[in-house]
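126 is the number that full-length UniProt numbering gives to position 126 of the sequence shown; each next residue is one higher, with no gaps.
One structure is given below, encoded as structure tokens.
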Amino acid sequence: MLEVETIEVSYGRIPAVRGLSFRVDKGELVTIVGPNGAGKSTTMMTIAGALTPTRGLIRLGGVDITGKRPEEIARLGISFVPEGRHVFSQLTVGENLLIGADMRRDRAAVRSDYDRALAYFPILKERLEMPGGKLSGGEQQQLVIARALMTRPKVVLVDEPSLGLAPIIVDLVYDILRKLRDEGSTLVVVEQSTHRALENADRIYVVRNGQVTLEGASAKLTDKDLENAYFGFEDKTDGVAAVHF
1 MLEVETIEVS YGRIPAVRGL SFRVDKGELV TIVGPNGAGK STTMMTIAGA
51 LTPTRGLIRL GGVDITGKRP EEIARLGISF VPEGRHVFSQ LTVGENLLIG
101 ADMRRDRAAV RSDYDRALAY FPILKERLEM PGGKLSGGEQ QQLVIARALM
151 TRPKVVLVDE PSLGLAPIIV DLVYDILRKL RDEGSTLVVV EQSTHRALEN
201 ADRIYVVRNG QVTLEGASAK LTDKDLENAY FGFEDKTDGV AAVHF
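Printed below as a string of structure tokens:
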């Protein structure tokens, strides 16, 4: 479904992503986990078209989308939920949702997707006439994910959904993400918490210093595996990134 092949991204002369590769199959929830400054968010912004890689390829369904503009990538089927939520604070919840469907031409199907989004996020149905800026942090996070679904995406990119939220709200958000996966959605989630990654992902990629240091099925990875890769502790069994499938 989504393939990222040896991409490199820099801010001026400072490299942020160094030959990073990963894949996401249809219907998977894949988590990219790593410390601050690892290149996780830069990778997501590059896939979404906000940044252009200096090297490498990005494919969606076998089609090369490398370097395309964000609006083109959105039309092709990638929806991006950036870190920090970014609701339209003066618009109502309902208006925020409908903005997600602005690019769509199948207007007849928008209403059914609107109802479907509210079914996933029932608290939003109770807040439809409330300005987005008046929602709690957890409600805003639900709103931006629901808005992303209004594009009818092939892949949803979610950057740091747990950032700044109480643990009980994070649990709720991940319950919804897993439900979306179970019903056929394909998701890539950036996370700092190794615990959240192990608990929720089908597969995990640990990124450090712009490179993948560990990848594998979450069922075959341990806390120690992730800790070693996350903090850069050397794996004495080999000198390269471990793979567990």
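Where is the CB? At the ideal position from N, CA and C, for every residue including glycine.
Quick caveat, the model's predicted, so the values are computed rather than measured.
When the beta-carbon positions are compared, T31 and N200 come within less than 8 Å of each other.
Approximately 5 Å separates the beta-carbon atoms of T52 and G67; this is inside 8 Å, confirming the contact. In the DSSP assignment, the residues bridged to Q211 are R208. Here D159 is buried: its Cβ has 16 or more other Cβ atoms, across all protein chains shown, within 10 Å. Excluding sequence positions up to five before and after L124, its CB lies within less than 8 Å of the CB of V93, L97, A117, L118, E139, Q142, L143 and A146, all in the same chain and listed in chain order. When beta bridges are read from the DSSP output, D159 appears opposite V190.
Of all C-beta pairs linking the segment 173–184 to the segment 3–14, fewer than three are shorter than 8 Å, placing the two stretches out of contact.
Taking all protein chains shown into account, M150 has 16 or more neighbouring C-beta atoms within 10 Å of its C-beta and is therefore buried.
Beta bridge pairing from DSSP links L51 with no other residue. Spanning the alpha carbons of P167 and S10 requires a straight line of approximately 34 Å. Between L128 and K134, the alpha-carbon positions lie close to 11 Å from each other.
Residue pairing for I78: DSSP places it in a beta bridge opposite V155.
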